[in-house]
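Taking it in order: structure first as structure tokens, then the write-up.
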Amino acid sequence: MFESLSEKLTGVFDRLRGRGSLSEGDVDAALREVRVALLEADVALPVVKDFVANIRSRAIGSDVLKSVTPGQMVVKIVHDALVEMLGAAESALNFNVAPPAVILLVGLQGSGKTTSAGKLARHLLQKEKKKVMLASLDVSRPAAREQLRLLGEQAGVAVLPEQDNETPEKIATRALQAAKLQSQDVLILDTAGRTSIDAALMAEAAAVAKLAKPQETLLVADALTGQDAVATATAFHEALPLTGIILTRADGDSRGGAALSMRHVTGCPLKFLGVGEKQDALEAFDAERMAGRILGMGDVVGLVEKASETIEAEEAERLASRMAKGQFDLSDFLAQLRQLKKMGGMGGLMGMLPGIGKMQKAIKAAGIDDSYFNRQEAIILSMNKKERRQVGLLNASRRRRIAAGSGTSVQDVNRLVKQYQDMAKMMKRLGKAGGGDPAAMAAMFGGGNAPADADVASGASNGEAMPNLGNMPDLSALKAMRGGGLPGLGGGLPSFNPKKKKR
Amino acid sequence: MSFFSRLKAGLGKTATRFSDNITSVVKKKKLDQEVLDALFDALVMADCGVEAAEKLIANFKNKRFHAEISDTEIRGGLAEGVAEILAPVAVPLEDNPAETPFVVLLVGVNGSGKTTTAAKLAEQWQSAGKKVMLVAADTFRAAAIEQLVIWGARTNCEVVHGAAGGDAAAIAYQGLEKAIADKADMVLIDTAGRLQARQELMDELAKIRRVLQKKNIGAPHATILVLDATVGQNAISQVKAFDAATPLTGLIVSKLDGTARGGIVVALAEQFGLPLHAVGVGETKEDLKAFDATDFGRALMGLD
Chain A
1 MFESLSEKLT GVFDRLRGRG SLSEGDVDAA LREVRVALLE ADVALPVVKD FVANIRSRAI
61 GSDVLKSVTP GQMVVKIVHD ALVEMLGAAE SALNFNVAPP AVILLVGLQG SGKTTSAGKL
121 ARHLLQKEKK KVMLASLDVS RPAAREQLRL LGEQAGVAVL PEQDNETPEK IATRALQAAK
181 LQSQDVLILD TAGRTSIDAA LMAEAAAVAK LAKPQETLLV ADALTGQDAV ATATAFHEAL
241 PLTGIILTRA DGDSRGGAAL SMRHVTGCPL KFLGVGEKQD ALEAFDAERM AGRILGMGDV
301 VGLVEKASET IEAEEAERLA SRMAKGQFDL SDFLAQLRQL KKMGGMGGLM GMLPGIGKMQ
361 KAIKAAGIDD SYFNRQEAII LSMNKKERRQ VGLLNASRRR RIAAGSGTSV QDVNRLVKQY
421 QDMAKMMKRL GKAGGGDPAA MAAMFGGGNA PADADVASGA SNGEAMPNLG NMPDLSALKA
481 MRGGGLPGLG GGLPSFNPKK KKR
Chain B
504 MSFFSRLKAG LGKTATRFSD NITSVVKKKK LDQEVLDALF DALVMADCGV EAAEKLIANF
564 KNKRFHAEIS DTEIRGGLAE GVAEILAPVA VPLEDNPAET PFVVLLVGVN GSGKTTTAAK
624 LAEQWQSAGK KVMLVAADTF RAAAIEQLVI WGARTNCEVV HGAAGGDAAA IAYQGLEKAI
684 ADKADMVLID TAGRLQARQE LMDELAKIRR VLQKKNIGAP HATILVLDAT VGQNAISQVK
744 AFDAATPLTG LIVSKLDGTA RGGIVVALAE QFGLPLHAVG VGETKEDLKA FDATDFGRAL
804 MGLD
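Residue numbers (the working numbering), protein chains in the order written: chain A, 1 to 503; chain B, 504 to 807.
Quick look at the structure:
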């Protein structure tokens with residue numbers, strides 16, 4: 001979501017990096033660009049002003065001017081200020097009461113409250129092993145309660161049955177009783193969307209809060225929100241008050257400055273991000289990671305987490321040992337593809353990788369999306385077992401047969417074979433690189449801060465329609481993680497430095 | 504209630520703040536850089552975007568710099584500037600009697616207000632004596648079909664729908680087929696919300712369009728992007744991406760009854776010039792108003 005902002009800031013600081021020293025004029029010039037970038041990223045103006053003033057006073061100081069690489073110094077200052085502004089990691093919800101703990105979700109119409117209620121219920125059930133009940137107080141929007149019932153069913157949690165002609169307060173009371181009777185750990189109350197200037201509806205929300213005494217009152221807000229984020233967050237905070245924020249649609253290409261704005265004006269922590277349409281697309285918010293993402297450093301920790309959650313450890317171990325022995329064949333390649341798809345496909349992975357802002361465009365331009373993985377899968381499935389073990393067998397006539405069988409072209413088959421071969425080569429290299437070598441790690445990411453696009457560009461300039469996956473830093477990074485970075489996996493592949501995780 | 508009074512009721516709170524901002528620096532009664540900066544800030548805070556705000560200010564400055572000028576004159580001048588940009592796009596949605604049924608495709612990101620807008624459009628045309636058919640092509644979101652079915656009952660319109668999880672393009676096609684058979688005047692197709700970064704979902708929209716064209720080569724006769732008034736600069740990316748998937752003919756801005764000022768329409772008008780057909784200003788089926796550029800400009804600037 002923050003790619004575009006990170007691109008902007010990266011651009012600004014690329015220019016700074018090129019200089020030997022940094023004058024006040026340089027800082028001001030950079031800060032003007034930071035200001036515009038933040039405004040274009042929908043950070044609210046008062047927040048931008050505070051932020052820029054803060055940065056300026058920190059940046060124009062002797063330590064910066066004496067610094068050997070002033071550009072990097074400014075990047076660090078901006079990063080630290082962002083982390084500060086986004087808030088310390090406090091995404092855990094407060095359940096420190098006699099059950100049921102009540103979570104009240106409020107927000108504007110269409111901000112994603114009901115979907116978030118479903119996701120949150122699923123999250124609490126599966127990750128925190130809580131017994132959860134959902135109840136909808138939305139008596140305004142047609143079929144809103146039906147929607148929550150369906151989502152609750154999908155999540156496998158209890159849903160308060162709907163009754164006709166009840167006020168939200170009455171439903172809340174009934175929900176509390178039911179949750180207590182059924183000894184639910186958590187009761188999630190989904191409310192109707194309301195504009196913050198609708199006094200009657202705001203009073204109703206306050207009344208519900210008063211009787212339900214929620215441990216958490218979460219504002220559900222759209223990552224696409226513009227300057228209004230400040231007005232909305234302030235109004236809800238004043239009426240209720242809020243204890244946290246869920247930012248929805250954070251998987252879009254929005255720059256999501258609303259997150260900064262709302263955190264700044266309410267002081268309430270961002271708890272979760274909604275990152276997709278599926279029920280498991282809810283992530284705990286992490287300021288370090290988010291700030292890193294804003295600055296184009298990527299969200300590698302998020303990727304590792306996602307990987308360790310979705311990839312079966314045994315399967316990963318098997319693949320890792322085959323890699324180490326140089327036995328990695330096309331069946332293994334297929335297994336990897338499938339795990340990639342499970343992790344949310346390209347869309348899910350895109351946002352997490354370093355320097356992805358620039359790369360995303362290149363990848364898009366090259367037409368790599370989830371259907372690309374589907375085609376690759378089809379190609380491998382159209383090979384027989386022997387062919388999957390020995391790529392060398394694939395002569396022209398076999399390739400024609402495979403192309404016909406998978407509904408692709410011979411060129412597609414050729415491309416896949418080349419990718420596989422590049423990947424096998426890359427694995428040999430990694431095997432030799434040895435464990436925990438940061439340089440090898442950095443190399444995989446294409447050299448740290450300004451990665452990726454060069455590789456993609458070279459792939460494209462080879463005359464290939466698609467950059468070759470073997471050269472793409474994202475997938476090689478992923479392989480490294482799978483091979484060496486996941487818990488319980490040994491091997492000589494470079495692994496993540498656990499200290500970096502900051503979790 | 505007129506468009507203006509609805510809008511003003513909605514914008515009232517922010518307009519007050521907006522004018523407070525300006526008034527505090529305009530006491531000097533002279534248009535200098537400080538005043539211009541405050542005006543710029545105010546426009547940015549209305550989501551007009553940096554570029555559009557800069558342009559508006561530059562135009563204004565050329566006319567009046569260093570002039571003695573009152574607070575009301577400043578706001579009036581800027582309101583005119585905004586109205587000038589928006590006037591060409593304030594075009595109501597009109598059907599073409601030569602095209603019956605007139606097919607309208609509603610697209611947008613999740614939660615932008617497509618279903619409610621579909622219902623409001625249905626109400627408008629139904630009460631104007633047209634026969635309207637609603638098509639529930641959002642087969643993805645839980646209870647989206649039920650929501651449209653309820654709206655169908657409230658607006659006395661037939662709703663064509665399939666099962667949840669079905670193929671959206673197939674439903675759209677069936678809806679058009681049925682509208683032709685039943686001699687409906689209008690078909691409103693409500694699609695699932697999708698973020699424009701999701702290429703496969705954008706492809707699905709293109710497919711819906713292709714499939715409709717198999718039945719009627721001119722369909723859809725209107726493809727409308729529904730934008731949430733709270734949306735910020737991301738609206739620009741939305742217009743680009745949706746237009747690439749299924750060429751847009753116009754915009755409708757929903758939820759303009761909150762604190763959001765919807766200034767992004769100024770930036771959109773400058774950049775794309777797409778007709779802005781209507782604005783949603785409430786939750787009932789009547790709450791869809793034709794867009795009026797002058798009123799919008801004045802409401803934005805906190806003027807009566």
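Idealized CB from N, CA, C, for every residue including glycine.
Nearest candidate by alpha-carbon position, reference residue i, set the options
i	options	result
A/Phe236	A/Gln227, A/Met133, A/Ala221 and A/Thr248	A/Ala221
B/Asn565	B/Ala622, B/Gly579, B/Asp688 and B/Leu534	B/Leu534
B/Ala556	B/Asn599, B/Val768 and B/Val714	B/Val768
A/Lys113	A/Arg318, A/Leu247 and A/Glu317	A/Leu247
B/Glu597	B/Ile588, B/Val607, B/Ala590 and B/Leu589	B/Val607
A/Thr167	A/Leu282, A/Thr191 and A/Ser321	A/Thr191
A/Met133	A/Gln147, A/Gly152 and A/Ala144	A/Gly152
B/Arg644	B/Gly632, B/Lys710, B/Asp693 and B/Gly765	B/Asp693
B/Thr733	B/Ser630, B/Val714, B/Ile711 and B/Lys758	B/Lys758
A/Ala378	A/Ile402, A/Gln215, A/Gln390 and A/Ala143	A/Ile402
A/Arg249	A/Ala135, A/Lys278 and A/Ala233	A/Lys278
B/Gln702	B/Ala802, B/Cys660, B/Ala748 and B/Pro604	B/Ala748
A/Val159	A/Leu181, A/Ala135 and A/Ile171	A/Ala135
A/Lys49	B/Asp760, B/Arg712, B/Ala541 and B/Val742	B/Ala541
A/Val36	B/Gly552, B/Leu546 and B/Val612	B/Gly552
Buried or exposed (CB count within 10 angstroms, at least 16 for buried), residue i
i	result
B/Asp790	buried
A/Ser57	exposed
A/Gly326	exposed
B/Thr658	buried
A/Asn384	exposed
B/Leu720	Looking at the sequence itself, residue 720 of chain B is Ile, so the reference to Leu does not match. It counts as exposed.
A/Gly25	exposed
A/Val269	This sequence places Pro at residue 269 of chain A; Val is not what is there. With 16 or more Cβ atoms within 10 Å of its Cβ, A/Pro269 is classed as buried.
A/Ala44	buried
A/Asp251	buried
A/Asp164	exposed
Cα-Cα separation, residue i to residue j
i	j	result
B/Glu537	A/Leu38	22 Å
B/Asp798	A/Glu40	26 Å
B/Ile577	B/His780	28 Å
A/Pro451	A/Asp80	Residue confidence for A/Pro451 is low, a pLDDT of 31 falling below 50, so the modelled location carries little weight; the figure read from the coordinates is stated next. So the alpha carbons of these two residues sit roughly 22 Å apart.
B/Met804	B/Pro591	19 Å
A/Ala101	A/Ile188	8 Å
B/Ala671	B/Val610	13 Å
A/Ala229	A/Lys210	25 Å
B/Leu777	B/Val663	29 Å
A/Pro467	A/Ser261	Residue confidence for A/Pro467 is low, a pLDDT of 31 falling below 50, so the modelled location carries little weight; the figure read from the coordinates is stated next. Near 38 Å, if we compare the C-alpha coordinates of A/Ser261 and A/Pro467.
A/Met85	B/Lys717	53 Å
B/Asp550	A/Glu387	58 Å
B/Val756	B/Leu771	12 Å
A/Leu108	A/Leu242	14 Å
B/Leu806	B/Glu583	11 Å
A/Gln215	A/Asn94	6 Å
A/Val275	B/Glu773	31 Å
B/Phe794	B/Leu589	9 Å
A/Gly483	A/Pro99	Because the pLDDT of A/Gly483 is 33, which lies under 50, any placement of that residue in the model is unreliable, and the number read from its coordinates should be weighed accordingly. Cα-Cα distance, rounded: 43 Å.
A/Gln339	A/Asp332	11 Å
A/Arg32	A/Glu288	24 Å
- Cβ contact (3+ pairs, closer than 8 Å) linking the stretch 114-128 of chain A and the stretch 162-182 of chain A: no
- Task: Quick one: which unbroken alpha helix (DSSP H) runs of 4-plus residues sit fully inside the stretch 677-726 of chain B? Chain order, please.
- Result: 702-718
- Item | Whole runs of the beta strand (DSSP E) within the stretch 544-621 of chain B, excluding any shorter than 3 residues | 605-610
- Task: Check whether the stretch 619-631 of chain B touches the stretch 679-687 of chain B, counting contact only when three or more Cβ pairs, one atom from each stretch, lie closer than 8 Å.
- Result: no
- Touching by the beta-carbon criterion (3+ pairs, under 8 Å), the stretch 696-711 of chain B and the stretch 373-382 of chain A: no
- Task: Scan the stretch 209-287 of chain A and note each continuous alpha helix (DSSP H) run of 4 residues or more that stays entirely inside, going in chain order.
- Result: Within the stretch 209-287 of chain A, the complete alpha helix (DSSP H) runs of at least 4 residues fall at 228-239 and 257-266.
- Query: Between the stretch 648-656 of chain B and the stretch 142-149 of chain A, are three or more C-beta pairs nearer than 8 Å?
  - Reply: yes
- Item | Start-end ranges of the alpha helix (DSSP H) lying completely within the stretch 73-140 of chain A, minimum 4 residues | 113-126
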